[in-house]
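J.: Sharing a structure below in structure tokens format, with a few things to ask.
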Amino acid sequence: TWFARVLLGRFYLDTGHYPEALAEFELALKRRGEATDAFFSDRPTLRHLPPLYYWLARAQEALGVADAGKNYQQYVALRADAEPSDPLVADARARLARLGR
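This is how it looks when you write it as structure tokens:
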């Protein structure tokens, strides 16, 4: 499932298997339409999609991929006004600053 790909990517990222994490996150992004029905419920939602951009950027950053900054910016744009404030947004902004964006 889409959500299993994201979780597997997070596992790979947390264990330092960055190429595998990147592959899972990229596949999840290609299949992002499935995120609307990640749990096969009667109510579609996109709330699980924005964090994918953050995790994708983390894997890209670990591998030195130039698109990491773009994906951090995408995540910040989607979650900047979240209530309560999203701690991943603060981390994404700090990582953008380190990348010089």
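The sequence shown finishes on residue 101 if you use the numbering used here, and the numbering steps up by one all the way, no holes.
Note that beta-carbon positions come from the ideal geometry of N, C-alpha and C, so glycine has one too.
Computed from a prediction, not measured in an experiment: that's the story for all the values here.
Can you find the residues in the same chain that come closer than 8 Å, C-beta to C-beta, to L63, ignoring five residues on each side of it along the sequence?
T.: For L63, where only same-chain residues beyond five positions count, the Cβ hits under 8 Å are Y18, P19 and L22.
J.: Between the Cα of T36 and the Cα atoms of H48, L8, G69 and Y12, which residue gives the shortest distance?
T.: Minimum Cα distance to T36 is reached at H48.
J.: Using a 10 Å radius around the Cβ and a threshold of 16 neighbouring Cβ atoms, would you call F11 buried or exposed?
T.: Label assigned to F11: exposed.
J.: Taking the straight line between their C-alpha atoms, what separation do you get for A94 and Q73?
T.: One C-alpha to the other measures close to 11 Å.
J.: Please state whether DSSP places R31 in a helix, a strand or coil.
T.: Coil.
J.: Quick one: Cα of L78 to Cα of V89, how far?
T.: Roughly 9 Å separates the two Cα atoms.
J.: Rounded to whole angstroms, what is the Cα-Cα separation between K30 and Y75?
T.: Between K30 and Y75, the C-alpha separation is close to 16 Å.
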